[in-house]
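Novice: Here you go, one structure.
Chains as they are written, first to last, in this note's numbering: chain A, 172 to 590; chain B, 172 to 590.
So, in structure tokens, the structure goes:
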């Protein structure tokens with residue numbers, strides 16, 4: 172089979188011979204040993220945090236945040252940090268077949284510009300949190316700066332924007348009210364950490380006298396625009412509510428495991444036909460952005476947690492990487508599958524590797540055996556960004572060099588920041 | 172730092188300048204961007220089953236075995252299958268930094284010869300099971316053939332042999348009696364699947380009127396020579412008994428997850444100082460032999476299961492890959508660490524990769540971020556088997572070609588075998 176592209180779109184998926192006949196003047200790439208897939212979509216990233224990869228591990232969430240991550244962020248996070256960290260993250264994601272990422276970090280205008288410069292597709296989160304940071308001082312400041320980012324990039328097909336309130340416990344009802352109204356008016360997604368850990372369950376009862384999901388439902392947040400990330404603390408009534416309201420769940424199994432946060436009940440969510448996609452979370456809590464490996468972890472973990480080897484089959488895991496994520500973003504008409512008319516976001520994996528030999532079932536190999544190092548080609552909007560495992564545009568040496576310089580400064584500052 | 176080798180052993184670990192002064196005539200390999208590690212030891216493999224990688228997935232254990240794996244094994248397993256499958260497995264393992272594997276499969280004389288021919292270290296399991304197979308007809312036949320393999324390879328430093336009774340439910344007390352006596356007399360390990368699934372718990376009570384571990388203890392099997400694989404069904408009293416008897420536990424997290432078999436309680440085993448090592452299991456239930464990825468899964472899963480992000484820290488996971496495995500094999504004086512006097516089994520990983528950038532802590536990166544594709548050099552007994560990511564002796568094209576031919580035959584026979 173062949174895929175024909177013109178400009179940023181796929182124009183035909185057709186037999187090879189037909190493609191040569193119909194597009195005689197087109198340049199082409201032959202990939203006889205490969206499988207061609209829709210580009211992977213990483214539905215939860217804090218891209219710039221790649222500069223903090225492995226900075227602090229094997230700690231509980233509160234110690235990790237309070238004693239390590241937040242002090243170092245306070246000391247170093249600014250536009251240059253976000254620029255260099257995002258570029259490092261994008262290079263790693265592209266190298267592994269990811270063509271689009273749904274980000275949440277400060278200085279989103281920097282992330283947006285870096286994505287466009289790299290030619291990568293992104294959903295740019297507009298952060299909102301009850302505490303001041305280097306980027307904004309208070310809720311109105313966050314929202315106004317966010318809206319400015321959003322309106323500034325109108326018409327850029329590589330970008331969309333989403334509100335990114337940090338979490339139910341760190342954003343108050345009034346702020347949620349504004350976000351909900353704006354999200355409905357502009358049809359923007361709301362990307363939020365929800366029920367990441369057990370602590371949050373009690374915290375909602377203490378702060379609001381009701382469960383997290385009851386509160387979000389009362390506020391009007393539970394709908395198809397919500398991208399609820401983590402969701403490790405769900406009872407049966409929660410799952411029914413999520414199903415009724417068409418919430419999208421973004422599963423980050425490796426981050427949840429590493430922080431000992433509990434298990435997202437994937438098998439039960441699948442039974443209710445809830446839309447599930449995947450995120451790596453930031454490299455500070457994963458510690459890589461390997462989405463194919465994340466799909467493998469998801470497929471294995473779902474079986475372990477449900478004690479059911481028949482749940483989250485290989486093809487369902489592949490859907491979580493691609494079309495389910497596009498659906499979550501509200502962009503299933505544009506990305507998430509290889510179809511004529513859609514944007515040409517694709518990756519190709521060389522299957523002639525030891526760990527993919529022999530082959531009985533290509534989808535099984537993709538999820539259970541292959542490595543993201545087998546990705547050799549990546550296209551975003553018809554532009555080839557990775558060719559024969561090399562970047563066509565990004566200066567990898569410079570990206571790595573800058574990351575190393577940051578690490579020297581950050582490691583030297585470890586004492587000074589208290590981290 | 173530098174490591175000096177002479178013949179099959181490490182003779183010194185010393186500063187680089189001292190190495191150049193003391194070993195002036197020695198050839199040397201410069202690896203400035205690398206980390207040098209003890210070779211990884213895969214403590215549970217069915218190597219030849221690599222030919223069945225991805226043959227059947229997303230099934231429960233009984234359907235997977237009865238309807239797929241056993242019929243295809245019955246139709247195809249013989250010396251040629253074992254030879255070609257073991258070579259495929261060894262290539263994959265060496266490529267990922269594994270220098271030694273603890274195998275359990277039929278025709279162990281073929282596995283042994285293949286390992287020696289490849290220059291790879293192995294503990295060859297001598298299978299015993301209550302049912303006839305292509306290799307042997309009955310228990311005495313298994314044991315006698317096994318002892319012949321064992322005595323035939325006396326003096327080969329690359330090899331050791333271990334009894335490999337299949338599982339408590341498939342070997343009777345009389346056979347265990349013989350195995351225990353022979354294991355004690357010849358100081359041989361006993362490599363066995365134990366408490367892999369919940370079904371086995373009830374089966375022991377039905378068959379023997381006691382729990383699996385009580386029965387094995389009464390038989391005299393619980394001691395430092397036992398390599399108990401899986402162990403997903405352990406209560407508090409079981410853990411105390413295992414600690415008292417110095418049993419080694421071989422944890423196969425990915426296989427356990429994929430088959431939905433339950434969780435080995437790693438955090439609680441660590442608290443009792445029980446020796447824990449890692450295995451990938453066969454590629455038919457994993458579906459790769461990537462031991463570094465297995466260590467990552469183990470480190471993540473232990474935290475998730477215990478709801479404790481501080482358990483199984485990165486360095487402990489690295490110990491499971493190396494010195495703990497050597498201890499389990501009774502070979503900690505010879506392998507498992509880089510020390511003068513030990514056998515030179517080592518691997519080197521290039522850390523100048525996107526997913527290892529930047530670096531604050533090399534051990535964190537090895538376990539949580541790196542990919543086994545970063546392995547560039549591997550030595551076994553002082554012989555370099557992988558150099559700059561290429562095999563020095565194995566004919567990779569031939570190995571892959573043979574595996575593909577098997578897959579054609581096996582796929583064609585799917586109907587005929589009923590599988």
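Even glycine gets a Cβ: it sits at the ideal position worked out from N, Cα and C.
Here the structure is a predicted model, which is why all the values come from computation and not from measurement.
For residue 489 of chain B and chain A, any beta-carbon pair shorter than 9 Å?
Specialist: Locating residue 489 of chain B in the second chain gives position 318, where the first residue counts as 1. Closer than 9 Å: no.
Novice: Let me know the secondary structure DSSP gives residue 590 of chain B once reduced to three states.
Specialist: Within the second chain, numbered from 1, the residue matching residue 590 of chain B stands at position 419. With a pLDDT of 40 at residue 590 of chain B, under the threshold of 50, the predicted position of this residue should be treated as unreliable, and no value is reported.
Novice: Between which residues of its own chain and residue 391 of chain A is the CB-CB distance below 6 Å, once the five residues before and five after are set aside?
Specialist: Here residue 391 of chain A refers to the residue found at position 220 when the first chain is read from its first residue. Correct list, in chain order: 351.
Novice: Could you tell me whether the Cβ of residue 369 of chain A comes closer than 9 Å to any Cβ of chain B?
Specialist: Translated into the one-based positions of the first chain, residue 369 of chain A becomes position 198. Closer than 9 Å to some Cβ of chain B, the Cβ of residue 369 of chain A qualifies, so yes.
Novice: How about residue 480 of chain B: is its C-beta nearer than 9 Å to some C-beta of chain A?
Specialist: As a working mapping, residue 480 of chain B is identified with position 309 in the second chain. It does: the Cβ of residue 480 of chain B has a partner Cβ on chain A nearer than 9 Å.
Novice: Taking only beta-carbon positions, decide if residue 543 of chain B is within less than 9 Å of chain A.
Specialist: Mapped onto the second chain, residue 543 of chain B falls at position 372. Taking Cβ atoms only, chain A reaches closer than 9 Å to residue 543 of chain B, which makes this a yes.
Novice: Please identify the residue among A/544, A/557, A/514, A/492 whose C-alpha is closest to the C-alpha of residue 534 of chain A.
Specialist: Numbered from 1 along the first chain, position 363 holds the residue referred to as residue 534 of chain A. When each option's Cα is compared against that of residue 534 of chain A, the closest is A/492.
Novice: Is residue 199 of chain A helix, strand or coil by DSSP?
Specialist: For the purposes of this step, residue 199 of chain A is taken as the residue at position 28 of the first chain. The answer is coil: DSSP assigns residue 199 of chain A none of H, G, I, E or B.
Novice: From what residue to what residue does the beta strand (DSSP E) around residue 293 of chain A run?
Specialist: As a first step, residue 293 of chain A must be located in the first chain, where it is residue number 122. It spans 292-299 - the beta strand (DSSP E) in which residue 293 of chain A sits, taken as one unbroken run.
Novice: Pick out whichever of A/548, A/303, A/337, A/181 has its Cα sitting closest to the Cα of residue 297 of chain A.
Specialist: The residue you call residue 297 of chain A lines up with position 126 of the first chain. Nearest of A/548, A/303, A/337, A/181 to residue 297 of chain A, Cα basis: A/337.
Novice: Based on DSSP bridge pairs, tell me the residues matched to residue 204 of chain A.
Specialist: Locating residue 204 of chain A in the first chain gives position 33, where the first residue counts as 1. Per DSSP, none; premise fails for residue 204 of chain A.
Novice: Counting contacts by CB-CB distance shorter than 9 Å, is residue 484 of chain A in contact with chain B?
Specialist: Along the first chain, read from residue 1 onward, the residue named residue 484 of chain A stands at position 313. It does: the Cβ of residue 484 of chain A has a partner Cβ on chain B nearer than 9 Å.
Novice: Does the segment 300-316 of chain B come within contact of the segment 545-558 of chain B, defined as at least 3 CB pairs closer than 8 Å?
Specialist: Contact fails: fewer than three Cβ-Cβ distances are below 8 Å.
Novice: Please state the DSSP three-state secondary structure of residue 530 of chain A.
Specialist: Your numbering for residue 530 of chain A matches position 359 in the first chain. Correct three-state label for residue 530 of chain A: coil.
Novice: What ranges does the beta strand (DSSP E) occupy inside the segment 486-550 of chain B, keeping only unbroken runs of at least 3 residues that lie completely in it?
Specialist: The segment 486-550 of chain B contains these whole beta strand (DSSP E) runs: 517-521.
Novice: Distance cutoff 9 Å, beta carbons only. Does residue 270 of chain A sit that close to anything in chain B?
Specialist: To locate residue 270 of chain A, count along the first chain from 1; it is residue 99. Chain B, which has no Cβ nearer than 9 Å to the Cβ of residue 270 of chain A, makes this no.
Novice: What does the alpha-carbon distance come out to for the pair residue 379 of chain B and residue 406 of chain B?
Specialist: Here residue 379 of chain B refers to the residue found at position 208 when the second chain is read from its first residue. Here residue 406 of chain B refers to the residue found at position 235 when the second chain is read from its first residue. Cα-Cα distance, rounded: 19 Å.
Novice: For residue 229 of chain B, go through chain A and note every residue whose CB falls closer than 7 Å to its CB, in chain order.
Specialist: Within the second chain, the letter at position 58 stands for residue 229 of chain B. Ordered by position in chain A, the residues that pass the 7 Å Cβ test against residue 229 of chain B are 480, 481, 484, 485.
Novice: Does residue 186 of chain B get closer than 9 Å to chain A when you measure Cβ to Cβ?
Specialist: Taking the first residue of the second chain as 1, we reach residue 186 of chain B at position 15. No, no contact with chain A.
Novice: The beta strand (DSSP E) with residue 191 of chain B in it runs from where to where?
Specialist: As a working note, residue 191 of chain B is residue 20 in the second chain. Looking at the DSSP string, residue 191 of chain B is not in any beta strand (DSSP E); the run it does join, the alpha helix (DSSP H), is 187-193.
Novice: Identify the contact partners of residue 577 of chain B in chain A, using a Cβ-Cβ distance below 9 Å as the criterion.
Specialist: Within the second chain, numbered from 1, the residue matching residue 577 of chain B stands at position 406. Result: 529.
Novice: Could you tell me which residues DSSP puts in a beta bridge with residue 274 of chain B?
Specialist: Counting from 1 along the second chain, the entry for residue 274 of chain B is found at position 103. B/216, B/295.
Novice: Step through the CB atoms of chain B and report whether any lies within less than 9 Å of the CB of residue 571 of chain A.
Specialist: As a first step, residue 571 of chain A is located in the first chain; it is residue number 400 there, counting from the start. Answer yes: the Cβ-Cβ gap between residue 571 of chain A and chain B drops below 9 Å somewhere.
Novice: Would you check if there are 3 or more beta carbon pairs closer than 8 Å linking the segment 433-451 of chain B to the segment 463-475 of chain B?
Specialist: Verdict: yes, contact present.
Novice: Determine the chain A residues that contact residue 536 of chain B at a beta-carbon separation under 8 Å, and present them in chain order.
Specialist: One-based indexing of the second chain puts residue 536 of chain B at position 365. Residues of chain A passing the Cβ test: 224, 225, 458.
Novice: Which residue wins for smallest C-alpha separation from residue 457 of chain A, given the options A/301, A/431, A/413, A/569?
Specialist: Locating residue 457 of chain A in the first chain gives position 286, counting from the first residue. Looking at the Cα atoms, A/431 is the closest of the given residues.
Novice: Please list, in chain order, all residues of the same chain as residue 257 of chain B whose beta carbon is under 6 Å from its beta carbon, the five residues on each side excluded.
Specialist: Counting from 1 along the second chain, the entry for residue 257 of chain B is found at position 86. Result list for residue 257 of chain B: 218, 219, 282, 285, in chain order.
Novice: Report the residues of the segment 271-289 of chain A with a CB closer than 9 Å to any CB of chain B, ordered along the chain.
Specialist: Residues passing the 9 Å Cβ filter: none.
Novice: Please list the terminal residues of the continuous alpha helix (DSSP H) segment that includes residue 224 of chain B.
Specialist: The residue labelled residue 224 of chain B in the question sits at position 53 within the second chain. Per DSSP, residue 224 of chain B belongs to no alpha helix (DSSP H) and is neither H nor E.
Novice: Identify, in the order they occur along the chain, each residue of the same chain with its Cβ nearer than 7 Å to the Cβ of residue 538 of chain B, setting aside the five sequence neighbours on each side.
Specialist: Reading the second chain from its first residue, position 367 is the one you call residue 538 of chain B. Cβ neighbours of residue 538 of chain B beyond the five flanking positions: 466, 467, 470, 485, 488, 489.
Novice: Could you pull out every residue in the same chain whose Cβ sits closer than 6 Å to the Cβ of residue 280 of chain B, ignoring the five residues on either side in sequence?
Specialist: Your numbering for residue 280 of chain B matches position 109 in the second chain. These residues qualify, in order along the chain: 320.
Novice: Does the beta carbon of residue 581 of chain B come closer than 9 Å to any beta carbon on chain A?
Specialist: Within the second chain, the letter at position 410 stands for residue 581 of chain B. Taking Cβ atoms only, chain A reaches closer than 9 Å to residue 581 of chain B, which makes this a yes.
Novice: Examine the Cβ distances between the segment 353-369 of chain B and the segment 427-443 of chain B and report whether three or more of them are shorter than 8 Å.
Specialist: Short answer: they touch.
Novice: With a threshold of 6 Å on Cβ separation, who are the neighbours of residue 360 of chain B within its own chain once the five nearest residues in sequence on each side are excluded?
Specialist: For the purposes of this step, residue 360 of chain B is identified with residue 189 of the second chain, where counting begins at 1. If we look at residue 360 of chain B and ignore the five residues flanking it on each side, its Cβ neighbours are 333, 396, 398.
Novice: Counting only the same chain and skipping the five closest in sequence on each side, list residues whose C-beta sits under 6 Å from that of residue 584 of chain A.
Specialist: Taking the first chain and counting its residues from 1, one reaches residue 584 of chain A at position 413. The residues are 246.
Novice: Compare the beta carbon distance of residue 180 of chain A and residue 500 of chain A with 9 Å and say whether it is the shorter of the two.
Specialist: Taking the first chain and counting its residues from 1, one reaches residue 180 of chain A at position 9. Taking the first chain and counting its residues from 1, one reaches residue 500 of chain A at position 329. No.
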